[in-house]
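Presented below is the structure to which this report refers.
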Amino acid sequence: MDDALLRKHSMKRCNPSRSTDRRGAVTVEFALVVPIILLLFFGALDLASMNFARHTIGFAAYEGARKAAIPGNTATHATTEAMRQMGMVGLGTGAVISVTQTNTEGTVSIQVPSSGVSWSPLGYFANYSIRETCTLRKE
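Counting the sequence shown from 1 gives a position; the working numbering is that position plus 5.
Set out below in structure tokens:
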């Protein structure tokens, strides 16, 4: 009895009309999934570029504050160093740098519009500004 059942199942043919029922399903699934994947990809790209810019601007503020903390240096020295650091990676367009020096410390604040930072065509962060401040004691 088992042989007869086995032969019966092995002799069955595939129904050709059944395989053509899903002919357009892959195209529809692709059309639904690809925009979501692209949105996630460009969102991650935008986040990565903003994070890179934030760290670079923070480092530029630190280097500017180092220059401001050296006795005898002026606010121009600090501003030039901060712009040099941001210019090495293509940042600094539209940057506003303010330097405050007292007898005991030097402070550098940098603000850069995010519109020049974003690599994504979607511009998730187009209307934001990146701000970083660093204060160091004078030597």
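Just so you know, even glycine gets a beta-carbon here, dropped at the ideal spot from N, CA and C. All values derive from a computational prediction rather than experimental measurement.
| Asked | Found |
| --- | --- |
| Between which two residues does the beta strand (DSSP E) holding E86 run? | It is not in any beta strand (DSSP E) - E86 instead sits in the alpha helix (DSSP H) that spans A80 to G92. |
| Helix, strand or coil for G111, going by three-state DSSP, please let me know. | strand |
| If you count every other CB in all the chains shown that lies within 10 Å of the CB of G95, and 16 or more means buried, which is it? | exposed |
| Would you kindly work out how many angstroms separate the C-alpha atoms of Y129 and V38, rounded to a whole number? | 20 Å |
| Any contact between the stretch 100-117 and the stretch 66-86? By contact I mean 3 or more CB pairs, one from each, below 8 Å. | yes |
| Decide yes or no for the touch test of the stretch 98-106 against the stretch 116-125: beta carbon pairs closer than 8 Å, at least 3 of them. | yes |
| Would you call the stretch 26-37 in contact with the stretch 103-110, where contact means no fewer than 3 C-beta pairs closer than 8 Å? | no |
| What span of residues does the beta strand (DSSP E) with T140 cover, start to end? | S134 to R142 |
| Is E137 closer than 8 Å to P76 when the C-beta atoms are compared? | no |
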